[in-house]
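J.: Reading the sequence shown from the start, the letters are residues 1 to 194 in the working numbering. Built from N, CA and C at the ideal position, the CB exists for glycine as well. Here the structure is a predicted model, which is why all the values come from computation and not from measurement. This is the structure, below, for whatever I ask next.
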Amino acid sequence: MTETYITLSDEHILSMICDNHDQSAFSELYDRYFRILFNYTYSKVNDEFTAQEIVQELFVSIWQQRNRSIANGCRPYLFSMAKNLIISHYRKELTRQRHYNQWEAHHLHSTLAADQQTLTSDLQAHYEEGLHLLPPKCKEVFILSRQGHSNREIACQLDISEKTVEQHVTKALRVLKEYLKEHFAYLFLLLQIF
Numbered sequence: 001m002t003e004t005y006i007t008l009s010d011e012h013i014l015s016m017i018c019d020n021h022d023q024s025a026f027s028e029l030y031d032r033y034f035r036i037l038f039n040y041t042y043s044k045v046n047d048e049f050t051a052q053e054i055v056q057e058l059f060v061s062i063w064q065q066r067n068r069s070i071a072n073g074c075r076p077y078l079f080s081m082a083k084n085l086i087i088s089h090y091r092k093e094l095t096r097q098r099h100y101n102q103w104e105a106h107h108l109h110s111t112l113a114a115d116q117q118t119l120t121s122d123l124q125a126h127y128e129e130g131l132h133l134l135p136p137k138c139k140e141v142f143i144l145s146r147q148g149h150s151n152r153e154i155a156c157q158l159d160i161s162e163k164t165v166e167q168h169v170t171k172a173l174r175v176l177k178e179y180l181k182e183h184f185a186y187l188f189l190l191l192q193i194f
């Protein structure tokens, strides 16, 4: 860098960039302010890579918009740009996080729904296997009781006593409970994980 750029004021450097598209003046401005703007940005975003990206974006923007005149001083202009880019960064992050959270919630809901359907069909299959373990009369009484028939209705329909109906239902529940015990433990474990 030549001595002339080092001795020039910030405003003069900025006007040389805007009026003459002077790359050396731009390099001088970059050298003067990169570290200061980086430290300011880092204090706001607390991430070196992000701070560096924001400051780089700021300088790229200055060069791309070098035809625009700057109304206020150079330093306030640079810090105002940095502040706006930091705000923009947080808005993008917030939007990205919101979209990610929505996706994650949808994905989790889909996964849980699929898991629940699998567990339900698995439980249904085990239940039906357990029914086959019951003696025929016991199975018939139990199925009728699950269909909403009262003990009296079942007794009349099958021509057995209500006490016998109760015994069959009790036996069926005991057999099914024992048969499905391992499955319920597995189901309970899976529900705890999710």
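In angstroms, rounded to a whole number, what distance separates the CA positions of residue 121 and residue 131?
T.: Taking the straight line joining both Cα atoms gives about 15 angstroms.
J.: Whole alpha helix (DSSP H) runs in the segment 19-62 with 4 or more residues, listed along the chain?
T.: DSSP runs (the alpha helix (DSSP H)) wholly in the segment 19-62: 23-45.
J.: According to DSSP, is residue 75 helix, strand or coil?
T.: Here residue 75 sits in helix by DSSP.
J.: Exposed or buried, which one is residue 41 when buried takes at least 16 other CB atoms within 10 Å?
T.: Counting Cβ neighbours within 10 Å, residue 41 comes out buried, since at least 16 surround it.
J.: Considering only their Cβ atoms, is the gap separating residue 38 from residue 60 smaller than 8 angstroms?
T.: In this structure, residue 38 does not lie closer than 8 angstroms to residue 60 by Cβ.
J.: Just to confirm my understanding: we take residue 154, look at its own chain, exclude 5 residues before and 5 after, and list those with CB closer than 7 angstroms. What are they?
T.: Counting only Cβ-Cβ distances below 7 angstroms, and skipping sequence neighbours, we find 141, 144, 145, 165.
J.: Rounded to the nearest angstrom, what separates residue 169 and residue 123 at their Cα positions?
T.: Rounded to the nearest angstrom, the two C-alpha atoms are 20 angstroms apart.
J.: Measuring CA to CA, which of 152, 68, 43 is closest to residue 14?
T.: The shortest C-alpha separation from residue 14 is found at 68.
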